[in-house]
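K.L.:
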Amino acid sequence: MTRPQTAPARTWTPAQKFAALFGTVYLLVAVAGFAVTGFSDFTGMHSHKLLIFAVNPLHNVIHLVLALVWLAAAPRARAARAADLVLGAVLGLVTVLGFFGGMGMLGMSGLADPDNFLHLITATLALYFGSMAVAPSVDAR
């Protein structure tokens, strides 16, 4: 008696795992952010706090967009790598602008704002997983 052959399960690359994990985290942060801020005063310079991080409705929408991009890209290795690289570069730019006080419309206040350091860490990890954490034997799906 022979068993039916099944296709081998494809394992996710580190880039895909990162995209799925951070997509989920950013989705949860967006939902929690909306629970704190509601939808009024969309780009208000005064911000609400989610733990120690400043949020306003615009900031929450951006978190939601990041989450949706990462989650949509996660099932495909090539798309996950591209999303990690693009979002890592965007978050790197946001970090630089935040350090110089250019992100007030997101409720961030400047150099010492904890959001800047969180964005820096996220950008660094996204760029790493999008570029350097690629196994050479992984096929380009």
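This note's numbering numbers the first residue of the sequence shown as 193 and each following residue consecutively.
Glycine is no exception: its CB is placed at the ideal position from the N, C-alpha and C atoms.
(1) To test your reading of the DSSP string, which unbroken beta strand (DSSP E) runs of 3 or more residues are found completely within the region 222–295?
(2) What is the rounded straight-line gap between the Cα of Phe321 and the Cα of Val228?
(3) From Asn210 to Gly284, what does the alpha carbon distance come to, in whole angstroms?
(4) Return yes when the Cβ of Ala212 is within less than 7 Å of the Cβ of Ala274, no when it is not.
(5) Which class does Asp305 belong to by DSSP, given the choice of helix, strand or coil?
(6) Residues in its own chain within less than 8 Å of Val257 by CB, not counting five upstream and five downstream?
(7) Is the beta carbon of Gly225 closer than 7 Å to that of Leu242?
(8) Can you give the beta carbon distance from Gly215 to Ala259, rounded, assuming they're within the 8 Å contact cut?
(9) Please state the DSSP three-state secondary structure of Thr216.
(10) Which residue's Cα is closest to the Cα of Ile254: Asp276, Val286, His240, Leu312?
(11) Suppose contacts are defined by Cβ-Cβ distances below 7 Å. Is Ala315 in contact with Gly293 by that definition?
(12) Excluding the 5 residues preceding and the 5 following Ser323 in the sequence, name in chain order all residues of the same chain whose CB lies nearer than 7 Å to its CB.
(13) Only counting the same chain, and skipping five residues up and downstream in sequence, which positions put a Cβ closer than 6 Å to that of His240?
(14) Can you tell me the Cα-Cα spacing of Arg202 and Gln208, whole angstroms?
P.N.:
This is what the structure gives:
(1) 240–242, 245–247
(2) 31 Å
(3) Just to set this straight, residue 210 is Phe in the shown sequence, not Asn. Between Phe210 and Gly284, the C-alpha separation is close to 17 Å.
(4) no
(5) If DSSP states are grouped into helix, strand and coil, Asp305 belongs with coil.
(6) none
(7) yes
(8) 5 Å
(9) Three-state result, Thr216: helix.
(10) Val286
(11) no
(12) Leu277
(13) Hits under 6 Å: Val228, Thr229, Val247.
(14) 12 Å
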